[in-house]
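**Student:** Submitted below is the structure of interest, expressed as structure tokens.
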DNA sequence: AGTGATACCGAATCGTTTTTCGGTTATTTT
DNA sequence: AAAATAACCGAAAAACGATTCGGTATCACT
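Given below as structure tokens:
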């Protein structure tokens with residue numbers, strides 16, 4: 001464990017928002033959960049390239065921040081944890097949609113711009 | 001200079017969006033510019049706690065990504081650079097507004113949740 | 001000429017997040 | 001009993017982004 005050394009300002013809506021969902025995979029996790037993928041291992045598979053440990057840690061943070069709630073279902077198999085959006089978490093979904101749509105709409109432009117990166121390591 | 005060692009996927013709208021405006025101060029910079037604060041030193045003052053070097057570097061990235069364009073006005077004083085949104089950059093503004101509004105609306109909840117952090121270093 | 005403001009850059013360092021690795025526990029299936 | 005799967009955790013390492021520091025250059029005003 002460690003504690004932050006740099007102070008963070010929360011006087012700005014943007015900084016508050018990024019504090020809650022700015023983590024590298026948090027929006028992807030929330031997206032998966034909103035689509036009904038609610039168990040850690042399946043979320044990890046849905047995202048594909050994020051290690052499981054990362055999913056676990058970001059789930060824990062989202063839980064601590066009140067974005068998600070956890071339920072442990074004992075009856076079924078393969079059983080165990082399921083994560084759901086809290087009412088607070090639900091308020092993020094419109095933001096998520098806005099961001100995702102923007103990225104999707106502009107993916108062509110962004111990808112076309114990054115081709116000529118001379119400082120990129122090219123492995124053949 | 002350095003080159004990234006971790007591959008980045010751009011198959012996801014969220015990841016694309018975060019690549020363009022996910023930097024710690026980028027949204028704050030775009031917000032300032034959209035409000036008519038267009039010169040580095042003034043942007044730095046407007047944000048307050050971000051070092052000038054950071055503003056410069058993030059401006060350079062936004063420039064390279066086609067979000068901003070730079071104009072050097074020679075006539076006036078104190079003269080020099082001015083940064084403006086490109087048409088591509090303008091498309092980010094609705095996203096910015098959405099994020100900022102969410103953060104502002106939920107700042108009370110977020111702040112109230114972070115008081116009881118037991119792992120926080122308390123200096124007396 | 002000296003001072004102050006502006007813009008900008010390289011390079012090193014720092015701080016944080018992300019990732020990797022190696023576990024534990026519990027349950028189901030074989 | 002052994003193997004497989006799921007959830008989860010601690011600790012260290014790696015990677016990245018942010019920050020600090022010291023520098024150059026230009027122009028305006030005194």
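Chains as they are written, first to last, in the UniProt record's numbering: chain A, 1 to 124; chain B, 1 to 124. Glycine is no exception: its CB is placed at the ideal position from the N, C-alpha and C atoms.
1) Can you check whether the CB of residue 107/B is closer than 7 Å to the CB of residue 16/A?
2) Have a look at 89/A, 110/A, 99/A and 6/A and flag the residue whose alpha-carbon is nearest the alpha-carbon of residue 49/B.
3) Quick one: is residue 102/B near chain A, going by C-beta distance under 7 Å?
4) From residue 102/A to residue 89/B, what does the alpha carbon distance come to, in whole angstroms?
5) Using the three-state DSSP reduction, which class does residue 70/A fall into: helix, strand or coil?
6) Along the alpha helix (DSSP H) that carries residue 112/B, what are the first and last residues, could you check?
7) Any C-beta of chain B sitting closer than 7 Å to the C-beta of residue 107/A?
8) Is residue 10/A buried or exposed, if buried means 16 or more other CB atoms sit within 10 Å of its CB?
9) In the DSSP assignment, find the beta strand (DSSP E) that holds residue 34/B and state where it starts and stops.
10) In chain A, what lies closer than 9 Å to residue 42/B by C-beta?
11) Within the 7 Å Cβ cut-off, does residue 32/B reach chain A?
12) Output needed for residue 69/A: all residues of its chain with C-beta closer than 6 Å, excluding positions within five of it in sequence on either side, in chain order.
13) Report yes if the C-beta distance between residue 20/A and residue 32/A is below 7 Å; otherwise report no.
14) Just mark residue 114/A as buried or exposed, buried being the case when its beta carbon has 16 or more other beta carbons within 10 Å.
15) Check each candidate in 3/B, 110/B, 8/B and 12/B and name the one with the smallest Cα separation from residue 64/A.
16) Kindly give me the distance between the Cβ atoms of residue 29/B and residue 58/B, rounded to whole angstroms, as I take these residues to be in contact under 8 Å.
**Tutor:** From the atom records:
1) Position 16 of the first chain holds residue 16/A. Position 107 of the second chain holds residue 107/B. Result yes, Cβ atoms of residue 16/A and residue 107/B sit closer than 7 Å.
2) On the second chain, position 49 is the one that residue 49/B refers to. It is 6/A whose Cα lies nearest to the Cα of residue 49/B.
3) Mapped onto the second chain, residue 102/B falls at position 102. With 7 Å as the cut-off, residue 102/B counts as an interface residue toward chain A.
4) If you number the first chain from 1, residue 102/A lands on position 102. If you number the second chain from 1, residue 89/B lands on position 89. Answer to the nearest angstrom: the Cα atoms are 11 Å apart.
5) In the first chain, counting from the first residue as 1, residue 70/A sits at position 70. Residue 70/A falls in the strand class under three-state DSSP.
6) Taking the second chain and counting its residues from 1, one reaches residue 112/B at position 112. Unbroken alpha helix (DSSP H) run through residue 112/B: 107-114.
7) Here residue 107/A corresponds to residue number 107 of the first chain, with the count starting at 1. Answer yes: the Cβ-Cβ gap between residue 107/A and chain B drops below 7 Å somewhere.
8) Taking the first chain and counting its residues from 1, one reaches residue 10/A at position 10. Classification of residue 10/A: exposed, given that the 10 Å Cβ count is below 16.
9) For the purposes of this step, residue 34/B is taken as the residue at position 34 of the second chain. Note, residue 34/B: premise wrong, no beta strand (DSSP E); alpha helix (DSSP H) at 26-34.
10) Here residue 42/B refers to the residue found at position 42 of the second chain. Residues of chain A passing the Cβ test: none, with the nearest at roughly 17 Å.
11) Here the question's residue 32/B lines up with position 32 in the second chain. It does not: the Cβ of residue 32/B has no partner Cβ on chain A nearer than 7 Å.
12) Numbered from its first residue, the first chain carries residue 69/A at position 69. Answer for residue 69/A: 84 and 86, listed in chain order.
13) Taking the first chain and counting its residues from 1, the one referred to as residue 20/A is at position 20. Taking the first chain and counting its residues from 1, the one referred to as residue 32/A is at position 32. Their beta carbons are not under 7 Å apart, which means residue 20/A does not touch residue 32/A by this criterion.
14) Taking the first chain and counting its residues from 1, the one referred to as residue 114/A is at position 114. Residue 114/A should be labelled exposed.
15) Taking the first chain and counting its residues from 1, one reaches residue 64/A at position 64. Cα-wise, what sits closest to residue 64/A is 110/B.
16) Locating residue 29/B in the second chain gives position 29, where the first residue counts as 1. Locating residue 58/B in the second chain gives position 58, where the first residue counts as 1. Going by Cβ atoms, the distance from residue 29/B to residue 58/B rounds to 6 Å, so yes, they are a contact pair.
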